[in-house]
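Numbered per my numbering, the first sequence spans residues 39 to 517.
Even for Gly, the Cβ is constructed at its ideal location relative to N, Cα and C.
Computed from a predicted model, the values in this text were never measured in an experiment.
Following: one structure in C-alpha cells, then a few remarks.
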Amino acid sequence: MSQAVRVRFAPSPTGYLHIGGVRTALFNWLWARKNGGKFVLRIEDTDQERSTPESVKVILDSMTWLGMTWDEGPGVGGAFGPYTQMERLAIYKEHAERLITSGKAYRCFCTKEELDVQRAALKAKDPKAQFRYPGTCRDRKDTPSLPFVVRFKVPSDGDIRYVDKVFGEVITPNTAQQDFVLLRSDGVPLYNFGCVVDDMTMGITLVARGRDHMVNTPLQIMLYAAFGVAPPDMAHLPMMLAPNGEKLSKRHGAVSVGEYKAQGYSPEAVLNYLVRFGWSHGDQEVFSLGELVDAFNWEACGRGDGKFDAKKFLAIQHEHMKTPRLTPDDVYVARLVPFLEARGLTVDPARVAKVIPMIRERATTFVDAADRLDFVFRDVPVMDDKASQKFLVAANVAHLRVLADVLEKVSSWEEKALEDATNAWLAEKALNIKDVAQPARVALTGRTASPGLFEVVAALGREGALGRLRSAAEIAASR
RNA sequence: GGCCCCAUCGUCUAGCGGUUAGGACACUGGCCUCUCACGUCGGUAACAUGGGUUCAAGUCCCAUUGGGGUCACCA
C-alpha cells in the first residue's frame, strides 16, 4: 500500500562537501536504508558560474568515504537518469512548455536589466520595500522573437499548506509570493523548477533538506499542483550553526568532510555526531551505523537550530576509537597505516595490529594514534628536548643501566614477566617504580607521556628496548 | 521591513499535564595510577518573560522578547 521509499541528496558541486550537507544527506540515507528504499544522488550543477567537475569528484569521494552509498546517480546510473541537471535540459524545456500550454506559466520578455532598474527605483523611494515582479508579461498575447524567461503564474489568492515531517503543518499565503522564474533565457532551470521536475520524474517520495529551503517548499508545491501531481512528503531539518550563532563556515574551523578525514576522524563518528544534532534516541549518544539505521525516525527530530560543538565531536570520535565494537582491529589498522606512512614510517600491518591495544583508550583520532605510536616504528625515538634534559641526567644513569640489565635476564619478553622482574629488583633495592619509570619512559619513547611502561618495553622487543635504555644512559652520563 | 520557523544547563538533548527536571560534552572535586589516558564516585549549571486554560503546567493557548531562515534569469 505505501509506495517504496525513494529519497535523494542533491548537492551543488560548488566547493567541498559541507558538514551541514552531510547531515541532510545522512537523514535521507538513513531513511532509505531503514525502509529498504532507494537513495538517489543528484548533481545540481545549473549554477555554471560556480559548479566545477573537481567539486563533483570531491563530493562523490566524500560520500564514498562516509559510507553513504547511493543506489542511483553518478557512477552507478539508474532508470531515472541522467542524474546531473545540465544533462537534463531537454526535460526541463519540455516541462516548461507543458506549463505554458496549460496556462500555468508564461513567457516573460522583461530583461534582467529592466527589472534591476525597477528594483533600484523602488528601493530608492522606500529602502524597506521589497520588489516583486509586477506581472508585466503575465497576460501578454504577442510573442516577439526576443529572449525570454519562463515564469510561473502564482495564484493571486489562497494559500499553500503542507504537513512537514518535522515541523508539522506549515501555511503560507500565496500573496507572499511573486511570479517566479522557472527557466532562464538560456534554457537552464532555476533551483525550484529543476528540483521539482527532477524529484517528480525521479519518483522521489520524500524530500528532506535544510530549513533554509523551507521558503522554497510552498513554491514547489504549487508546481506539483500545476503538473497535477501529488507532492512528495516534506521534511526540513533545523540548521547547524557556528558556536557564535552565525552560519557555519570556514572561518569557524573545519567544515568540510575532507578536513575531518585528514584530521584522522572516522566516517562513522562523523555521522554519529551529525545525526545526534537535531535527532535523538533517548539517552543514547553513541551509535553504530546499523543501530542508526534501525533507530532513525522523523518523530524524534527536533525543531530548534543548534550550534556546532567541536569538543563534543571529538569526544564522539574518541568513543568510536576506543570501542572495538565500533572500530574493529582490522578497520583500525587499515585506517591508521596511512597516517603512519604519512610520517615517513615504514610499517608492517601485523605489527601495527599488535600495538594498537597500547593506545586504544588514549588516541582520539588516527592522527593522534599515529603520533602516539611513532616511537614504535623508528630505530631511534624522536627525543623531546625538555623531557631529555629533565630525565636523562646523571642521577638516573645507574637506574637506566640496571633496569636494562634486569630486563635482559628475562627469558620471556612479555609485559607480565618484564614487570615482575622489575618489581623484584625494585623490592630488593627498596626502590619505587616512580624512581625509574619516567627516565625509562623518556629513554624508550622520547616523551614523558606514553602507554604503560612495560607495554612499551614489550612492544619494542628485547633489542630495541635494551638498546634505547643503554644509549639513553650514555646521554645521561655525558651530562 | 514582508513571509516562514524556532525557544530546557555554556553546548547537544530527554521530557509528549503531576519528575528531587534525566543523560552526554565541556568545566570541576575525590578515587585509581609508573606518565598520559581510561575507568569510577561526586559537584556547579537550564525550563526567556507576561498572560491565560487546568485541581495541577517545562509540557496546551495567546502575547511579548530574543534568535534564525528567506526575499535573484544562486542553490
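Quick check: the Cα distance between E399 and V371, rounded to an integer number of angstroms?
Going by the C-alpha atoms only, they are around 15 angstroms apart.
Let me check understanding here. Comparing Cα to Cα, which of R157, Y171, P172 lies closest to P165?
For P165, the closest C-alpha among the options R157, Y171, P172 is that of R157.
Considering only C-alpha positions, which residue in the set Y171, V435, Y130, L228 is nearest to V155?
Out of Y171, V435, Y130, L228, the CA that lies nearest to the CA of V155 is found in Y171.
Coarse secondary structure for S450, derived from DSSP in three states
Three-state DSSP puts S450 in coil, outside helix and strand.
Confirm, please, whether the CB-CB distance from P49 to E92 is below 8 angstroms.
For E92 and P49, no; Cβs fall outside 8 angstroms.
Decide yes or no for the touch test of the segment 440-451 against the segment 497-510: beta carbon pairs closer than 8 angstroms, at least 3 of them.
Yes, they touch.
Out of M252, K428, A246, N73, state which residue places its alpha-carbon closest to the alpha-carbon of G484.
Sorting M252, K428, A246, N73 by C-alpha distance to the C-alpha of G484 places K428 at the top.
Which whole-angstrom value is the C-beta distance of L312 and I57, which I expect to be below 8 angstroms?
Taking C-beta atoms under 8 angstroms as the contact rule, L312 and I57 qualify, at a distance of about 7 angstroms.
Nearest to F218 (by Cα), restricted to the options V440, V204, S194:
Residue S194 is the option with its Cα nearest to F218.
Please specify which runs of the beta strand (DSSP E), each continuous and at least 3 residues long, are wholly inside the segment 108-180, giving them in chain order.
143-146, all fully within the segment 108-180.
Between A569 and L228, what straight-line distance do the alpha-carbon atoms span, to the nearest angstrom?
The chain is shown only over 39 to 517; residue 569 falls outside these bounds and no answer can be derived.
Between L98 and I242, what straight-line distance do the alpha-carbon atoms span, to the nearest angstrom?
Approximately 20 angstroms between the Cα atoms of the pair.
If you compare alpha carbons, which of Q86, M106, G53, G59 is closest to W67?
Nearest C-alpha to W67: M106.
Supposed contact pair V234 and Q215 - C-beta distance, whole angstroms, cut 8 angstroms
Beta-carbon to beta-carbon, Q215 and V234 are separated by about 15 angstroms, too far to satisfy the 8 angstroms threshold.
If you run the structure through DSSP and keep just helix, strand and coil, what is A70?
A70: helix per DSSP, three-state reduction.
Hey, Q123 and T84: beta-carbon distance below 8 angstroms or not?
Cβ atoms of Q123 and T84: closer than 8 angstroms.
With a threshold of 16 other CB atoms inside 10 Å of the CB of A503, please say whether the residue is buried or exposed.
Looking at its Cβ environment, which holds 16 or more other Cβ atoms inside 10 Å, A503 is buried.
Under 8 angstroms Cβ to Cβ from L131, same chain only, skipping five residues before and after it: list those, please.
The displayed chain sequence assigns Lys, not Leu, to residue 131. L221, G225, listed in sequence order.
When you compare the CB positions of K55 and V96, do they come within less than 8 angstroms of one another, or not?
Just to set this straight, residue 55 is Leu in the shown sequence, not Lys. In contact: L55 and V96 (Cβ atoms closer than 8 angstroms).
How many angstroms separate the CA atom of D409 from the CA atom of G382?
Their Cα atoms are separated by approximately 12 angstroms.
Counted within 10 angstroms of its Cβ, other Cβ atoms place T255 as buried (16 or more) or exposed
Here T255 is buried, its C-beta having at least 16 other C-beta atoms within 10 Å.
Where the alpha helix (DSSP H) containing G502 begins and where it ends
Segment 491-515, the alpha helix (DSSP H) holding G502.
Here's the rule: buried if 16 or more other CB atoms are within 10 angstroms of the residue's CB, otherwise exposed. What is M39?
For M39, the pLDDT reaches just 42, beneath the cut-off of 50, and the residue's location in the model is therefore unreliable, leaving the point undetermined.
Segment limits, beta strand (DSSP E) that includes H274
Counting along the chain, the beta strand (DSSP E) containing H274 begins and ends at 271-275.
Inter-residue spacing [alpha-carbon to alpha-carbon] between L491 and S450
A direct Cα-Cα distance of roughly 16 angstroms separates L491 from S450.
Which two residues bound the contiguous alpha helix (DSSP H) that contains Y229?
Looking at the DSSP string, the run of the alpha helix (DSSP H) that includes Y229 is 229-239.
Using a Cβ distance threshold of 8 angstroms, determine whether the segment 111-118 contacts the segment 142-151, with at least three qualifying pairs required.
The segment 111-118 vs the segment 142-151: no contact.
Rounded to whole angstroms, what is the Cα-Cα separation between P477 and K424?
In a straight line, the C-alpha of P477 is about 12 angstroms away from that of K424.
Return the first residue and the last residue of the alpha helix (DSSP H) that T102 is part of.
Note, T102: alpha helix (DSSP H), 91-104.
Beta-carbon proximity of L244 to V78, cut-off 8 angstroms:
Contact flag unset, no.
Would you call K142 buried or exposed, if buried means 16 or more other Cβ atoms sit within 10 Å of its Cβ?
Flag for K142 reads buried.
Beta-bridge pairing of E542 - partner residues as DSSP gives them
Look at the range of the chain in this structure, 39 to 517, and you will see that residue 542 is not part of it.
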